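Notes to accompany the following structure.
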Ligand SMILES: Nc1nc2c(ncn2[C@@H]2O[C@H](COP(=O)(O)OP(=O)(O)O)[C@@H](O)[C@H]2O)c(=O)[nH]1
Ligand SMILES: [Mg+2]
């Protein structure tokens, strides 16, 4: 077990496609954890190992890896970047002590790191930025840096300055060839495995000096001694600068920016050094329990561990990936699940993960991120302890789902079985939800975007060998009437022996919206005997289940006010039938309308997109209720009532219109009459 201060737990996060998985692969190769770098395109990387990652050439879930850098034991959590999987990323961040935010050298994409930064800052997690893909033509380091500073402030500082190889003929750069370390003012050329010291190229010397000065100024904000030196015009010793930088980064004050081209391994050796020097060990910044008390990382204390991820393999079973905060977990430990009411669970094995590979461990101490086998009842987000020790860790707040599909089995298996399989998929990803829809009773899977649920369905098919049909959930339309009427309905049938006879007069009146169906009677003189009246009500209610357009009828009051019966031939059944016939006769005469569900939504977007969002909602028959500044600076909240049918793919449309930055919450608000020109039937609504 490595000493706790030699451990580092680092998440690699950032926008989709920024090169995180490739960079992690390069780091693993750099540290000798793997013989050679695999590639995302070939599906050969350590951390994109799930079949869905490989099929889509992108991370669809968090991947875990580890390497030994010098005498440092580094556990890497490679998070998916695609916005649909952001909740998974948030959970992963809860288990690490620092984050590397990887982004492309493109100022326009800097805004895409905003939600991520909010999650990182909410935990005050030390972090650095890596401006990646610096080998690509047009890579704009200065622009990206300026955009980062514009968004987050000047404590985000360049710690490296890129050196480009020059083409012979013109002055265009042909690729990243090295960097200047702005703390120590040393320049390096990338080599195979290690970087070689060189002189600072003359053509960037002046710019590099300026960047060095900017870095010192930013650092001086957190360091009075440095501030004095700068005010007195004293150049601080470079080893002191390096020490201060480590200190200020590990306390989440200064956020250094580095350069890399992960695909070629350029910048990876320096990144490994940065992880060692700038990022805290688990001992440096103990995590807090739900009451804000620090949990000291003592190997001899009772175990406290938090479950940050669950993965279920149909053959080998369930793995709970935990971050140990305190104590030492043995491979056959019995632990208490505090979140599940103190249930005792027993480990069937302890593993360190290298992508899909599991290396057996005998024990794991504070700071370790390890997988525990077969804790069947344990869920992501739970807190595990030993000896009944009562500690609860804070739960990561997850966003509500914003996209839904209806699922039904294609053949063979029944729905109950499908429900169980889906429940296992949801167990692996708590940002998915499974529900039975009201009104339509469909089985509905909800997630954070079209990709999120589509990949969950792919996973379901692969793991449990079940084919399903998916569709947009049916819209739970209803019908109602807008005028009153009275009908006379007589049911008379003679077949051989005794016949059937019932005669009813029914009045139909509209009720207030949302009040449902009610039934009353004003029968006097026993023209309809008491014992048959419940049958009339039953017949009415059953017939109202399908209005003229096929939807359930609501907001109507039906009164039985007259009728006749026959001593021998009348029965409950005949009154029920007569009532049903009466309903079918009456509804078309009462100017029926289809009612559609309307949701109240709150959309949060950066102010620059507010007007786009408003016109998008107006185009969806939305009624804008208001627009106010959001809690987060620079964003607005737009509130609107929008027909549910218009929101089916809204999350995708919103993200497309807002660079992925918009998000919304919706809840059912009311039913409105469908505008006359919009025809729907039960089929058209699917
Ligand atoms: N030019 C260039 N392409 C890269 C680099 N790193 C990754 N890529 C490519 O960018 C794409 C996304 O890479 P990936 O590692 O999956 O990004 P992730 O979504 O952040 O994990 C892949 O096609 C990579 O081959 C790089 O340094 N330079
Ligand atoms: Mg990836």
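Residue numbers (the numbering used here): 1319 to 2004.
From the three backbone atoms N, C-alpha and C, an ideal C-beta is built for every residue, glycine too.
Note that the structure is predicted; figures quoted are calculated from it, not measured.
Check: Cα-Cα separation, residue 1576 to residue 1418; Outcome: 10 Å
Check: heavy atom of ligand 1 below 7 Å from residue 1420 C-beta; Outcome: yes
Check: Unbroken beta strand (DSSP E) run spanning residue 1946, endpoints; Outcome: 1941 to 1947
Check: Segment contact, 8 Å Cβ cut-off, at least three pairs: the region 1635 to 1646 with the region 1620 to 1627; Outcome: yes
Check: Under 8 Å between C-beta atoms of residue 2080 and residue 1723; Outcome: Given that the chain is displayed from residue 1319 to residue 2004, the structure contains no residue 2080 and the question cannot be resolved.
Check: Pocket of ligand 2 defined by Cβ to heavy atom distance under 5 Å; Outcome: 1338, 1339, 1377
Check: Residue 1798 versus residue 1925: straight-line alpha-carbon distance, rounded; Outcome: 41 Å
Check: Entirely enclosed beta strand (DSSP E) segments - the region 1634 to 1721, minimum 3 residues; Outcome: 1635 to 1644, 1652 to 1655, 1661 to 1664, 1668 to 1672, 1675 to 1679, 1687 to 1691, 1701 to 1703
Check: Proximal residues to residue 1930 (C-beta, below 6 Å), its chain only, five neighbours per side dropped; Outcome: 1975
Check: Exposed unless 16 or more other CB atoms sit within 10 angstroms - verdict on residue 1329; Outcome: buried
Check: Ligand 1 heavy atom lying under 7 Å from the CB of residue 1357; Outcome: yes
Check: Nearest residue (CA-CA) to residue 1848, options 1766, 1893, 1572, 1712; Outcome: 1893
Check: Reduced DSSP category for residue 1918 - H, G, I as helix; E, B as strand; rest coil; Outcome: strand
Check: Residue 1990 beta carbon near ligand 1 (any heavy atom closer than 7 Å); Outcome: no
Check: Whole-angstrom C-beta distance between residue 1736 and residue 1752, which should lie under 8 Å; Outcome: With 8 Å as the limit, residue 1752 and residue 1736 do not qualify as a contact, their Cβ atoms being about 10 Å apart.
Check: Residue 1770 beta carbon near ligand 1 (any heavy atom closer than 7 Å); Outcome: no
Check: Host beta strand (DSSP E) of residue 1385 (start-end); Outcome: 1381 to 1387
Check: Beta carbon of residue 1448 nearer than 8 Å to that of residue 1420; Outcome: yes
Check: C-beta contact flag for residue 1824 and residue 1865 at 8 Å; Outcome: no
Check: Nearest candidate by alpha-carbon position, reference residue 1461, set 1446, 1445, 1480, 1650; Outcome: 1480
Check: beta-carbon residue 1399 near ligand 1 non-hydrogen atom, thresh 7 Å; Outcome: yes
Check: Alpha-carbon spacing of residue 2002 relative to residue 1792, whole angstroms; Outcome: With a pLDDT of 41 at residue 2002, under the threshold of 50, the modelled position of this residue cannot be trusted, and the question is left open.
Check: Pairwise C-alpha distance: residue 1761 and residue 1786; Outcome: 11 Å
Check: Cβ neighbour criterion (16 or more within 10 Å) applied to residue 1549; Outcome: exposed
Check: Coarse secondary structure for residue 1300, derived from DSSP in three states; Outcome: The structure shown does not extend to residue 1300, since the chain is modelled only from 1319 to 2004, so the question has no answer here.
Check: Span of the alpha helix (DSSP H) around residue 1849; Outcome: Note, residue 1849: premise wrong, no alpha helix (DSSP H); not H, not E.
Check: 8 Å Cβ cutoff met for residue 1915 and residue 1989; Outcome: yes
Check: C-alpha distance - residue 1805 paired with residue 1740, whole-angstrom precision; Outcome: 49 Å
Check: Own chain, CB closer than 6 Å to residue 1758, minus 5 neighbours either side, in chain order; Outcome: 1792, 1794
Check: Contact set for residue 1568: own chain, Cβ-Cβ below 7 Å, skip 5 residues either direction; Outcome: 1444, 1596, 1597, 1598, 1602
Check: Inter-residue Cα distance where the pair is residue 1657 and residue 1412; Outcome: 17 Å
Check: Anticipated Cβ contact below 8 Å, residue 1972 with residue 1432, distance rounded; Outcome: Their Cβ separation, rounded to whole angstroms, is 15 Å, which puts residue 1972 and residue 1432 out of contact at 8 Å.
Check: Residue 1332 beta carbon near ligand 1 (any heavy atom closer than 7 Å); Outcome: yes
Check: For residue 1818, the residue or residues it bridges with in DSSP; Outcome: 1811
Check: Any non-hydrogen atom of ligand 1 within 7 Å of residue 1570 CB; Outcome: no
Check: Sequence ranges, alpha helix (DSSP H) only - wholly within the region 1336 to 1420, length at least 4; Outcome: 1338 to 1348, 1369 to 1374, 1404 to 1411
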